[in-house]
Amino acid sequence: MTSLRSPLDVDDLLSEILLRLPPQPSSLPRASLVCKRWRRLASDPRFTRRFRLHHRRRNPPLLGLFTDSYDNSPFLPTLDPPNRVPEDRFRLHFDEGDDDFVTLGCHHGLALIHHVSRGQLLVWDPVNGDRHRVHIPPGFANINGAVLRGAAQDFQVVLVGRDDQVLACVYSSETGAWGNPISALLECSSMICRFTPGLVVGDSIYWSFTDSSAGILEFDLGRQSLVAIPLPEGVIGPRFMRAEDGGPGFIFKNDCTIKIWKRKTDSGGVASSWMLGRTIIELDKVLPMETLEEGRPLVPLGFAVENNVVVLGTVFGLYLLQIESLECKMIMESYYLQNYHPFESVYTGETCIGSGNEGAELLLGA
Numbered sequence: 001m002t003s004l005r006s007p008l009d010v011d012d013l014l015s016e017i018l019l020r021l022p023p024q025p026s027s028l029p030r031a032s033l034v035c036k037r038w039r040r041l042a043s044d045p046r047f048t049r050r051f052r053l054h055h056r057r058r059n060p061p062l063l064g065l066f067t068d069s070y071d072n073s074p075f076l077p078t079l080d081p082p083n084r085v086p087e088d089r090f091r092l093h094f095d096e097g098d099d100d101f102v103t104l105g106c107h108h109g110l111a112l113i114h115h116v117s118r119g120q121l122l123v124w125d126p127v128n129g130d131r132h133r134v135h136i137p138p139g140f141a142n143i144n145g146a147v148l149r150g151a152a153q154d155f156q157v158v159l160v161g162r163d164d165q166v167l168a169c170v171y172s173s174e175t176g177a178w179g180n181p182i183s184a185l186l187e188c189s190s191m192i193c194r195f196t197p198g199l200v201v202g203d204s205i206y207w208s209f210t211d212s213s214a215g216i217l218e219f220d221l222g223r224q225s226l227v228a229i230p231l232p233e234g235v236i237g238p239r240f241m242r243a244e245d246g247g248p249g250f251i252f253k254n255d256c257t258i259k260i261w262k263r264k265t266d267s268g269g270v271a272s273s274w275m276l277g278r279t280i281i282e283l284d285k286v287l288p289m290e291t292l293e294e295g296r297p298l299v300p301l302g303f304a305v306e307n308n309v310v311v312l313g314t315v316f317g318l319y320l321l322q323i324e325s326l327e328c329k330m331i332m333e334s335y336y337l338q339n340y341h342p343f344e345s346v347y348t349g350e351t352c353i354g355s356g357n358e359g360a361e362l363l364l365g366a
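Numbering (the UniProt record's numbering), first residue to last: 1 to 366.
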């Protein structure tokens, strides 16, 4: 009588089990230490690609933060050992003197970088190193933008800017071309806040703008529409985030609290105004009291959409605050006051599992 084989003895079934390991950087290096067969499966490039795709849109970890500009330390790891990614692992290398770059944002495991001197956008996958250069179309100044990627490797870049009017345009890597510009009905003096990263929620992207008052630009990728949304009176310089209902929201610091606003919808499901969300964080309960003393600045500097984490700058250091659990973590004491772009993706150390140095560095807590 033939005995039944254990699921762990069948490569296809074992691959399905390994696929469901947590998407932490140390997961596959740890699994590869079990035996040669596990190492062979965990280091197979087809499997590691599938592992990244499986987790990238479900539950990617917050690997670290990219800064606005590319100085000597553009990437700041945020995970603790053994999942901490080495700082030099995600670094762009350029020709000498070719350093006029500004980070516009990170979404879906891709970074969008404005190469100012060349009039180009650089779409970069820090995990596998892929780079794509896209020329900015004529008529766009004072720009901002966002990059989106679906389940496949194709991506889209949504660019907003102004010349005589506020415009949006979409680039598709599938066609290799820009679509037709789409305009918004705004005052001629409207300025897009190019140093405030956009928020991607579903098929919509949101950016700040200013004219006679502050507002938000919403670009709907499905409808190919660009509209302006006014902000509540008295709100200046909000930091975008995803609200608890999954829609767009923003955080606004007021004294010792961070107030979370969201869009209010009518009976037909149409968003019509803003309302204060149910969550108001009392910062004195989660941050050291000395950071909240009168006159000491506390500034939201970034937001990780998938992990619901806000980056807070204080005079005592840079903190990560998880909105739901209120868990707070200092990640560095000395920092520059700038935007910090959370990089949420799946990194497996695939080039070194079982043979190289990077997987060993992760397990040793480098």
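For glycine and all other residues, C-beta sits at the position ideal for the given N, C-alpha and C.
If you ignore the 5 residues before and after Trp274, its C-beta comes within less than 8 Å of the C-beta of Leu231, Pro232, Trp261, Lys262, Arg263, Lys264, all in its own chain and listed in chain order. Under the three-state reduction of DSSP, Ala152 is assigned to coil, being neither helix nor strand.
Under the three-state reduction of DSSP, Pro45 is assigned to helix. Secondary structure at Ala31: helix, using DSSP grouped into helix, strand and coil. Annotation note: the region 302-348 contains no uninterrupted alpha helix (DSSP H) run of length 4 or greater. Residue state for Ser15 is assigned as helix, using DSSP reduced to three classes.
Shown here, Arg57 sits in coil according to DSSP, grouped into three states, outside any helix or strand.
Counting only residues of its own chain and dropping the five nearest sequence neighbours on each side, Phe75 has a CB closer than 7 Å to the CB of Gly64, Phe66, Glu87, Phe90, Arg91. Judged by DSSP in its simplified three-state form, Asp88 adopts helix. Put simply, the region 313-329 does not touch the region 23-41. Fewer than three CB pairs are less than 8 Å apart.
Beta-bridge annotation (DSSP): Asn144 is paired with Val160.
Tyr347 and Asp163 have their alpha carbons spaced roughly 40 Å apart. Within the same chain, and ignoring the five residues on either side of His115 in sequence, the residues whose Cβ sits closer than 8 Å to its Cβ are Asp100, Phe101, Leu121, Leu122, Arg133. Excluding residues up to 5 positions away in sequence, Gly317 lie with their Cβ nearer than 6 Å to the Cβ of Glu333 in the same chain.
Pro126 sits close to Phe343, with the two beta carbons spaced by under 9 Å.
In the same chain as Val299, and ignoring 5 residues on each side of it, the C-beta atoms closer than 6 Å to its own belong to Gly313, in chain order.
By DSSP's assignment, Lys253 forms a beta bridge with Ile258. When the five nearest sequence neighbours on each side are left out, the beta carbons in the same chain lying within less than 7 Å of the beta carbon of Gln224 are those of Ile182, in order along the chain. Taken through DSSP and simplified to helix, strand or coil, Arg20 comes out as coil.
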